[in-house]
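For the sequence shown, position 232 matches number 232 in the UniProt record's numbering, and the numbering has no gaps at all. For each residue, glycine too, the CB sits at the ideal point set by N, CA and C. Here the structure is laid out as structure tokens; the discussion comes afterwards.
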Amino acid sequence: MAWYTANWNPLGSAYYRKMELYSMSWSLRDADLRESLVAAAPYGGPIALLRPEKALGGRPTLDIYSASGQRLGGGPWKSGRVVQLGWTASEELLCVQEDGTVLVHDLGGRYRRHFSMGSEVKQNQLLQARFFHSERGTGLAILTGACRFTLTTSVDELRLRRMPDTPLRAAPACWEVIYRERQLFLLFAAGPDLYLLDSTSCTAVTPPGLSPQAGSVVAMSVSFTHKYLALFTDTGRVWMGASSMKEKLCERSAGQRAPPSHMAWCLKPRSQHHALVLLWDRSLVVLDTTDDSVSFVLDEDSHLVPELDGVRIISASTHEFLHEIPKASEEIFKIASMAPGALLLEAQKEYEKECQKADEYLREIKEQDLLAEAVEQCIEAAGYEYEPDAQKSLLRAASFGKCFIDKFPPHGFVKMCHDLRILNAVRDYQIGIPLSYLQYKQLTVEILLDRLVLRRLYPLALKICEYLRLSEFQGVSRILAHWACYKVQQKEKSDEEVAQAINQKLGDTPGISYSEIASKAFDCGRSELAIKLLEYEPRSGEQVPLLLKMKRSKLALNKAIESGDTDLVYTVVSYLKNELNRGEFFMTLQNQPVALSLYRQLCKHQEVETLKDLYNQDDDHQELGNFHIRSSYSTEKGIEERVRALQNAVDEFNKAKNDFAAKATEDQIKLMRIQRRLQEELDKSYLDYSLHETVTQLVLDGMHKKAEQLYKEFKIPDKMFWWLKISALADREDWEEMEKFAKSKKSPIGYLPFVEVCVKHHNRFEGKKYISRVNPEQKVKASLLVGDLDQAAESAIEHKNETEMNLVLSKCTPSTDHNIVDKINRAKAQILKK
1 MAWYTANWNP LGSAYYRKME LYSMSWSLRD ADLRESLVAA APYGGPIALL RPEKALGGRP
61 TLDIYSASGQ RLGGGPWKSG RVVQLGWTAS EELLCVQEDG TVLVHDLGGR YRRHFSMGSE
121 VKQNQLLQAR FFHSERGTGL AILTGACRFT LTTSVDELRL RRMPDTPLRA APACWEVIYR
181 ERQLFLLFAA GPDLYLLDST SCTAVTPPGL SPQAGSVVAM SVSFTHKYLA LFTDTGRVWM
241 GASSMKEKLC ERSAGQRAPP SHMAWCLKPR SQHHALVLLW DRSLVVLDTT DDSVSFVLDE
301 DSHLVPELDG VRIISASTHE FLHEIPKASE EIFKIASMAP GALLLEAQKE YEKECQKADE
361 YLREIKEQDL LAEAVEQCIE AAGYEYEPDA QKSLLRAASF GKCFIDKFPP HGFVKMCHDL
421 RILNAVRDYQ IGIPLSYLQY KQLTVEILLD RLVLRRLYPL ALKICEYLRL SEFQGVSRIL
481 AHWACYKVQQ KEKSDEEVAQ AINQKLGDTP GISYSEIASK AFDCGRSELA IKLLEYEPRS
541 GEQVPLLLKM KRSKLALNKA IESGDTDLVY TVVSYLKNEL NRGEFFMTLQ NQPVALSLYR
601 QLCKHQEVET LKDLYNQDDD HQELGNFHIR SSYSTEKGIE ERVRALQNAV DEFNKAKNDF
661 AAKATEDQIK LMRIQRRLQE ELDKSYLDYS LHETVTQLVL DGMHKKAEQL YKEFKIPDKM
721 FWWLKISALA DREDWEEMEK FAKSKKSPIG YLPFVEVCVK HHNRFEGKKY ISRVNPEQKV
781 KASLLVGDLD QAAESAIEHK NETEMNLVLS KCTPSTDHNI VDKINRAKAQ ILKK
């Protein structure tokens, strides 16, 4: 294995390797990286270069490249002076200008939007900026000419936070953003002192264990995960520890007093080894927490990019990756290693040579019961390799070893094969995304697909989806939607061609939203294309909002009505009402009966006066009459206003030739006037009572003559009036008046109701007075109501009605009413004899 470990460099208890990822295809001079503003996105992301003005008054140029140096976009810079470049988590380029304006460009260098970091920056200008990432997104912190810090935790949801005052009188020697435990801190050096700034205060801090003679901090670096902090002093001392500054890892000499041009942590997740990379001109030094170090001499000026598990080194001709050798790889490939993975790899190689040593190696692993561990070690090590040949060698060894294990779970092996195939595809020189295995697992395949889509690598993204058998909603649908949104921007093709091409490609693929694609077309100024695309959208709820946005309100109304969704129709109608003048609005609704009907329903509850205008326009006298009737019931109006409203209703009903409604409304007017007079005479409210309620109330108030007048004036049917009066008299418990009323003339309702109302009010004594006048066929029922079983039995026997006799028997108690029972039983027996 000596050839394989030739570029391994021991550092403390670990090994580090600097390996070439790409030979860069860009045409850069050696000085370009030194003279330009450079920003490289993490996770193998793109590289942005803002080159300074050329001679003879030329403009600066902004160029964006893949990690392999393939140009993705860019052009002349036409805005203000840029202080800092940075990338968001979604691979948008942020260009921070000295006036505090931040311009956002896409991966192709096209301008997307801008925002400002506040008015204070415009007055004092911006000196420096730092980007940071958190669960809220990409954040930005700036330092102004007034030595004030301002930050936002998300550039997508801009909320500027001005930090408290600091003792700074000039720009600090260095500063960094520290994000830990969901809290933000700014650490800066002012002369010999360090300060920690949070949202409430600025506090002087001293790193634990930093020697007094170390001097002033002139450079600092926070690790990729913000867990660790490194400080470089003007005496050439390096302090390494936790970013919380509660734990010291080490303090040691860097070997040089001059501050490095770049300083970055080189860490591997879950590793116990800590290393710091420092760059002076073309000298690269890696320090660990002991006094050990590794030095590399670089051929060109370089730029360091911290990653999750290492550091990328970008120069004019090469792109390299410096990282710690993972434990699995170290144990397998280290010279003279006897680790199970190393033995299994040797066993597989000997097996291919058809040598008996294969059996010896395999037997040795089996005797130690480490075969499963050996297989897993080879699988894990394969993930850390960049060369396909090394990956295949390790996977062949793993496949060889698992053949000798009963029921070895295949999932891990298959998953690693899938992951490596995807990683090899995106690492390809033409793609230029050099993800490591650990970076890929942290990034997730969904985000990787998004990044391929941003680069318009649709075929590769689709192949990955098919290879991993992702659901259409997760993969293919999303990618095709992105492709369609890009397709609508191709203005060299006609609207018809683009719409057909998109529909042929997408069809009815689940998860596709044609409305989103149409919205993109509209944003690109292609309204007709947007309308054609909306024809393929099956959901009216998605069509209508965009049609309204496009000012195609009549088409939107048609779509809403076709959908059968009343809420959608109301939405369009409300929009039309605000957009059109009153006449045009009503004319539009006239041609849409469904919309007009729904709008009328809405007006009944919310816009009553508008409803009147609609009826007037249609000469709908019946509905106008109904409108005036409803209006008359408004409690806010006085009696005369209500009467006028009712009179208007009468006029409209007459025009509608509805005689019944007109007469009923006239009666209501007459009743209201009588009620007002009664109210004035009796000083008691009678308004808003119905005719029957008014009669009842008059009887309750003892105004029998006035009740009689209403009875005659409104020709209330005799039966109704008698029912109303006896019910009210019973409620009033005016039994004497009821008796007089019963004797005044023959009752049109009979006398059983008299008995019933008396019993209802628990007065059987009064009820018995009317038994004699009850019709013979109702006497049994009346007698039972007042509890007179004797009389009920006599009446039943007299009628010779067996049903009535049985009814009386059911009310009798044999022990107390035995005479009545015997009498009925004898009567029933006589009936049976006959």
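In this structure, the straight-line span from the alpha carbon of Arg-451 to that of Gly-69 is close to 17 Å. Listed in chain order, the non-local C-beta contacts of Ala-328 below 6 Å within the same chain comprise Gln-377, Glu-380 and Ala-381, local neighbours out to five positions each way being set aside. Selection Ser-221, His-226 and Thr-225 evaluated against Trp-239 yields Ser-221 as nearest (Cα-Cα). Glu-364 sits close to Leu-343, with the two beta carbons spaced by under 8 Å. Annotation: the continuous alpha helix (DSSP H) that includes Val-780 extends over 776-786. DSSP places Pro-459 within a helical segment (H, G or I) once states are collapsed to three.
Cα atoms of Asp-667 and Leu-691: separation of roughly 10 Å, rounded to the nearest angstrom. The residues Leu-151, in chain order, have a CB closer than 6 Å to that of Arg-161 in the same chain once the five nearest residues on each side in sequence are set aside. Membership of Phe-333 in the alpha helix (DSSP H) is indicated by the continuous run 327-333.
Pairing Leu-435 with Gly-44, the inter-Cα distance amounts to about 5 Å. Taken in chain order, the complete alpha helix (DSSP H) segments of 4 residues or longer contained in the segment 304-370 are 327-333, 340-352 and 357-367. Taking a C-beta distance under 8 Å as the contact criterion, Val-96 and Leu-126 qualify as a contact pair. For the set Leu-197, His-133 and Phe-149, the Cα lying nearest the Cα of Leu-308 is the one of His-133. DSSP places Val-757 within a helical segment (H, G or I) once states are collapsed to three. Around the Cβ of Gln-791, a 10 Å sphere holds 16 or more other Cβ atoms; the residue is buried. If you look at Cys-403, you'll find it isn't in any alpha helix (DSSP H); DSSP assigns it neither H nor E. Runs of the beta strand (DSSP E) lying entirely within the segment 104-189, each at least 3 residues long, are 111-116, 126-134, 137-144, 149-152 and 174-180 in chain order. In this structure, the straight-line span from the alpha carbon of Glu-251 to that of Pro-410 is close to 47 Å. Relative to Val-217, the option among Gly-236, Pro-208, Lys-349 and Leu-37 whose CA is nearest is Gly-236. Looking at the DSSP output, Ser-295 sits in a beta bridge with Val-285.
For the set Asp-299, Ala-398, His-319 and Lys-122, the Cα lying nearest the Cα of Gly-341 is the one of Ala-398. Per DSSP, Arg-59 is not a residue of any beta strand (DSSP E), being assigned neither H nor E. DSSP lists Thr-61 as the bridge partner or partners of Pro-76. Note that the C-beta distance between Cys-174 and Ala-204 is not below 8 Å. The secondary-structure analysis by DSSP pairs Cys-250 across a beta bridge with Met-240. Judged by DSSP in its simplified three-state form, Tyr-686 adopts coil rather than helix or strand.
Going by DSSP, Tyr-437 is part of the alpha helix (DSSP H) stretching over 437-443. In the displayed model, Arg-81 falls within coil according to three-state DSSP, outside both helix and strand. As the crow flies, the alpha-carbon of Phe-296 is around 30 Å from that of Glu-247.
Boundaries of the beta strand (DSSP E) harbouring Ile-47: 47-51, taken from the DSSP string. With fewer than 16 other beta carbons inside 10 angstroms of its own, Pro-208 counts as exposed. Assigned with DSSP and collapsed to three states, Trp-483 falls in helix.
Residue burial is scored here from C-beta neighbours: His-818 has fewer than 16 other C-beta atoms within 10 angstroms and is therefore classed as exposed. Ala-530 and Ile-517 have their alpha carbons spaced roughly 8 Å apart. Per the coordinates, the alpha-carbon of Met-163 lies some 18 Å from the alpha-carbon of Thr-138. Counting along the chain, the unbroken beta strand (DSSP E) around Arg-17 starts and ends at 14-23.
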